[in-house]
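Take a look at the structure set out below.
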Amino acid sequence: MKIGEILSFEAPRLLGRYLTEQTSPEERELLLVARDALLFISEFGQDYRFEDYRRNPDSPSRPLGEGLPSRRSWVKRQGSWSGAEGSKWEREQGT
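Anchor point for the sequence shown: position 81 equals 91 in my numbering, and the numbering is continuous, going up by one each time.
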């Protein structure tokens with residue numbers, strides 16, 4: 011199975027199965043964060059870099075953060091996280 015299939019479909023599906031079981035609010039939040047992290051890696055085209063990292067975590071293929079969108083641009087694309095008034099961070103940034 012290719013890494014893209016694992017990150018985009020199989021692993022989130024497995025996490026979703028655990029979400030349907032009886033989980034505490036803390037466990038549910040951890041599972042949602044793990045699922046979102048996998049989808050983030052896939053969405054931003056980092057599948058193969060992640061695979062390289064898993065093979066050799068001590069030797070990154072590039073400096074951390076290089077080529078990733080800034081937090082500000084990512085927030086703009088996602089819309090407000092906290093309703094119509096925007097988040098505190100968005101208000102401070104004037105977005």
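Heads up, the beta-carbon is just placed ideally off N, CA and C, and yes, glycines get one too.
Beyond the five residues adjoining it in sequence on each side, A21 comes within less than 7 angstroms, by CB distance, of L48 in the same chain, given in chain order.
Between I13 and Y58 a beta carbon distance of about 7 angstroms is seen, short of the 8 angstroms cut, so the two are scored as contacting.
For the pair R64 and G26, the Cα-to-Cα distance works out to about 23 angstroms.
In this structure, Y28 is the residue among Y28, Q32 and F19 with its C-alpha nearest to the C-alpha of L41.
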